[in-house]
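These protein sequence lines are chains A and B, in that order.
Take 0 as the starting number for the first sequence in numbering that gives the first Met the number 0 and just add one per residue.
Take 0 as the starting number for the second sequence in numbering that gives the first Met the number 0 and just add one per residue.
Cβ coordinates follow ideal geometry from the N, Cα and C atoms, glycine included.
Note that the structure is a prediction, hence the values are computed from the model and not measured.
One structure is given below, encoded as structure tokens.
Protein chains: 2
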Amino acid sequence: MPVLVMKFGGTSVATLDRIRRAAKRVGVEVAKGYDVIVIVSAMSGKTNELVGWVNETSPMYDAREYDAVVSSGENVTAGLMALTLQEMDVPARSWQGWQVPVKTTSAHSSARIEEIPSDNIMAKFQQGMRVAVVAGFQGVSPEGRITTLGRGGSDTTAVAFAAAFDAERCDIYTDVDGVYTTDPRVSAKARKLDKIAFEEMLELASLGAKVLQTRSVELAMRYKVKLRVLSSFEEQSDTAGTLVCDEEEIMESNVVAGVAFSRDEAKMTLVSVADRPGIAATIFTALSEAGVNVDMIVQNIAEEGRTDMTWSCPNDQVKRAEKAMDAAKESGVIRFDEMIADMDVAKVSVVGIGMRSHTGVAAKMFRVLSNEGINIKVITTSEIKISVLIDRKYMELAVQALHDAFELEKSA
Amino acid sequence: MPVLVMKFGGTSVATLDRIRRAAKRVGVEVAKGYDVIVIVSAMSGKTNELVGWVNETSPMYDAREYDAVVSSGENVTAGLMALTLQEMDVPARSWQGWQVPVKTTSAHSSARIEEIPSDNIMAKFQQGMRVAVVAGFQGVSPEGRITTLGRGGSDTTAVAFAAAFDAERCDIYTDVDGVYTTDPRVSAKARKLDKIAFEEMLELASLGAKVLQTRSVELAMRYKVKLRVLSSFEEQSDTAGTLVCDEEEIMESNVVAGVAFSRDEAKMTLVSVADRPGIAATIFTALSEAGVNVDMIVQNIAEEGRTDMTWSCPNDQVKRAEKAMDAAKESGVIRFDEMIADMDVAKVSVVGIGMRSHTGVAAKMFRVLSNEGINIKVITTSEIKISVLIDRKYMELAVQALHDAFELEKSA
């Protein structure tokens, strides 16, 4: 029988009633003839509670013990979901990560899945079991210790199971009904997309649209897993939600698929850096070693032999970056006059695979912002994305103007 | 290095502060030179919450899923305890049941421990680890599924580890400071015992003194594990609490060690049963098959060919017993005139290994009760115990009178 993977996030299993509602959706797919693998998160709030306890107990915690503690929430939901399905006369049982086993690297609290043997669960399907409920977010290391995949890791568990079992589709049930052209809270004209290409979703995910864990999209792209994002709080239908798929499966699409944004950015500038070959490498190696995730980079030649170096990074890494730069200055590795951190910035991006074949998207974006009187501080581009850093107070205005200008409220 | 097992119950690990306090006690034993195996329960209330969810989800639950769900509380405490010890610079790590592995039977939710291989943890001790924190109450079946040992099972986990690791002692930390001659809430003269024999503890445990799980005492007796019950809320000392040990280790003891009681009893009588060979077997087989735990049994010959059959069983099994007897009557297997259930009874027992060599204990007990005007409904005796069923309203009076008469407030 064809296999379907269904993943239910924390809000979709937050109470026994919601677990029952999710189980009913599973029952519908079983009735259609699917063998179903259900991946569950912890009941919402549970993982945060556990993480809080670990942090309070040991601020510099041993990641192996962190994993042993925080993985327990998913085990509870998996058992309760299996019991709920059994009550509905659907043959089901639960699996914890080590029982499958979900084999991962030993990188505790951010482990990567290496292998998921399918024989164990497949044998049960052949014996008449119809649903395997698997605790998401967790696995087991080569040393036999429990690992976790990082926050949002249950999405990755779901996609990895879909790949390992050659599933027809991987349905991600969440508290939103799909992927939107932009956040509906910022633009009332935001429209739900029926389909979006993996590459676009990947850019949106990493740009702060928190619908899917970035790694799950990467994995789905690599293994061509059809991924559907849909709400567990709306009517069930075969066309609900947004299908994340290969771009070949999308017949028509707008040049720009969506407008993403992030408020958690900061802009940092080293003023008048003594310029010499390799100075950029020196600066960004030091930042990387300090654990700063640099996003955009701009270099201006100020005068002969001096340069201004500007980058953006997450807000909460500014202190760390300042410390690293001060240390590098003190040790004489780099020289600069001044360091400026601007916390009041936001990043706004337009994303679309159509950009590959359409020119003028960047020019149009800059014109739209200019017409609104919005000054662009930093620009970066990729093949299918243009991002700008602007004053944070203009963020909503920029998103709305771009959404209008690219006519995202209309489908292709 | 000698191994010590320390078990902390739910109230002893109910909060992060209490876990810290428990960890400090462990640190003291490590400093003395012990390698310590710590067995932890779930934070108090957690297991009840999980059991509640399972019951609400599925009243006739699959015990395998029940075990998967309710075992998760111990995993959380084990990880938090290991982290707390690490914060105190004590080398420690946590183990879940399947990681040791604690091999059990497949009798889910009341599994028995079959084997605990010590090599895994011993190797870590040899590498410098000083504390192995093990999640209590759980194990793994031959099929690789999670099992639990029944409520209070962490006591049994602790004793089994003490036996497997040939531990010097097994310290059970709880919310009472030891085993008393009777419940101090019933008699103000109750005295804490410094030592008690396994056999006596076994009778007290099964008579409703809820300090230790009965099976843990059986196991300790079989493997000669020195068991100490002490409070985690009082000062640490080598002589604190009560030592449960072989009777040879107890130099002097009172004839009677303690007075136990239970309010959860009911007395049931079948009036005028048609008597024939094998009638008792028929009745008690039917009750046993209905899941009724019959405790005391009395048979009176009423008249030629007729008999009254009386037994006691837990209060909450009366309905079940009535159903079984009605069914047996209907199918013609047994005949009786009337069935009477008396819920207003209590069981009071005196226990002591000294009874083996001292006569007259029963006579004295009956005289004491008679002097107080208390009518005895049923009597049973074992080698070291005499139990009577009386009206519940006289229970406290009976306990106090017996405690006085046997001078239990004085040590031997």
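Note to self: 8 Å is my cut-off, CB to CB: does N370 (chain A) come that close to chain B?
What the structure shows: no
Next item on the list: Tell me whether E264 (chain B) is buried or exposed, calling it buried when 16 or more other Cβ atoms sit within 10 Å of its Cβ.
Entry: buried
Notebook entry, point to check: According to a CB-to-CB cut-off of less than 7 Å, which residues of the stretch 128-148 of chain A neighbour chain B?
Noted result: G143
Margin query: Just to make sure I have the definition right: I need the residues of chain A whose C-beta is within less than 7 Å of the C-beta of L49 (chain B). Which are they?
Written below: V75
Next item on the list: Report the rounded CA-to-CA distance for S236 (chain A) versus L15 (chain A), giving the unit in angstroms.
Entry: 23 Å
Notebook entry, point to check: Among all the DSSP beta bridges, which residues are the ones paired with A162 (chain B)?
Noted result: DSSP lists no partner for A162 (chain B).
Check: Between B:E337, B:Q316, B:D315 and B:N314, which lies nearest to D325 (chain B) when the distance is taken from Cα to Cα?
Finding: B:E337
Next item on the list: Under 8 Å between beta-carbons, which chain B residues line up against L401 (chain A)? List them in chain order, please.
Entry: Residues of chain B passing the Cβ test: none, with the nearest at roughly 46 Å.
Note to self: I'd like the list of long-range same chain contacts for Y60 (chain B), defined as Cβ closer than 6 Å, with 5 residues on each side in sequence excluded.
What the structure shows: V53
Next item on the list: Could you confirm whether any beta carbon from chain A is found closer than 8 Å to the beta carbon of G78 (chain B)?
Entry: yes
Item checked: M364 (chain B) - containing alpha helix (DSSP H), residue span -> V360 to N370
Next item on the list: Compare the beta carbon distance of S93 (chain B) and V132 (chain B) with 8 Å and say whether it is the shorter of the two.
Entry: yes
Notebook entry, point to check: Leaving out five residues before and five after A323 (chain A) in sequence, what residues of the same chain have Cβ atoms less than 8 Å from its Cβ?
Noted result: A285, L286, E288, A289 and V291
Note to self: Looking at S153 (chain A): is its Cβ nearer than 8 Å to the Cβ of K6 (chain A)?
What the structure shows: yes
Margin query: Tell me which residues share the same chain as K384 (chain B) and place their Cβ nearer than 6 Å to its Cβ, disregarding the 5 neighbours each side in the sequence.
Written below: E202, S348 and V350
Checklist line | Bounding residues of the alpha helix (DSSP H) (the contiguous stretch that carries S287 (chain B)) | finding: I278 to E288
Next item on the list: Return the residues of the stretch 98-129 of chain A that lie within a Cβ-Cβ distance of less than 7 Å from chain B, sorted by chain order.
Entry: Q98
Checklist line | Q125 (chain B) - containing beta strand (DSSP E), residue span | finding: Taken as a continuous stretch (DSSP letters only), Q125 (chain B) belongs to no beta strand (DSSP E), being part of the alpha helix (DSSP H) at D118 to Q125.
Check: Which residues bound the alpha helix (DSSP H) around G138 (chain B)?
Finding: From DSSP, G138 (chain B) is part of no alpha helix (DSSP H) but of the beta strand (DSSP E) over Q137 to V139.
Notebook entry, point to check: Looking at the unbroken alpha helix (DSSP H) that takes in K45 (chain B), where does it start and where does it end?
Noted result: K45 to T56
Check: Would you call the stretch 208-218 of chain B and the stretch 172-181 of chain B touching, i.e. three or more CB-CB distances under 8 Å?
Finding: yes
Checklist line | 8 Å CB neighbourhood of E28 (chain B) in its chain, flanking five on each side removed | finding: L3, M5 and V35
Notebook entry, point to check: Under 8 Å between C-beta atoms, does V12 (chain B) make it to chain A?
Noted result: no
Margin query: Can you check whether the C-beta of V89 (chain A) is within less than 8 Å of a C-beta belonging to chain B?
Written below: no
Margin query: Cβ closer than 8 Å: which chain A residues qualify as neighbours of N93 (chain B)?
Written below: Note on residue identity: the sequence assigns Ser, not Asn, to residue 93 (chain B). Result: E64 and A67.
Next item on the list: May I ask you to list the residues that DSSP assigns as paired with M308 (chain B)?
Entry: B:L269 and B:Q298
Margin query: Is V456 (chain A) close to chain B? Criterion is C-beta to C-beta, closer than 8 Å.
Written below: What is shown of chain A runs 0 to 411, which leaves residue 456 (chain A) out entirely.
Check: Do you know offhand how far E198 (chain B)'s Cα is from R150 (chain A)'s?
Finding: 52 Å
Note to self: Going by C-alpha to C-alpha distance, which of A:P90, A:I300, A:E48 and A:S356 sits closest to N253 (chain A)?
What the structure shows: A:S356
Item checked: Within chain B, partners of A81 (chain A) - CB distance below 7 Å -> E64
Item checked: Residue nearest to A239 (chain B) in terms of C-alpha spacing, selected from B:P1, B:M295, B:D170 and B:L396 -> B:D170
Next item on the list: Could you name the residues of chain B that L15 (chain A) contacts, counting a contact when the two beta carbons are closer than 8 Å?
Entry: W52, E55 and T56
Notebook entry, point to check: In the structure shown, what three-state DSSP assignment does Y33 (chain A) receive?
Noted result: coil
Notebook entry, point to check: Looking only at C-alpha atoms, which of A:N119, A:T155 and A:R334 sits nearest to E113 (chain A)?
Noted result: A:T155
Item checked: Identified DSSP bridge partners for P90 (chain B) -> P90 (chain B) is not bridged to any residue.
Check: Quick one: is G261 (chain B) buried, meaning 16 or more other Cβ sit within 10 Å of its Cβ, or exposed?
Finding: Going by the sequence as given, residue 261 (chain B) is Ser instead of Gly. Its Cβ being crowded by 16 or more others within 10 Å, S261 (chain B) is buried.
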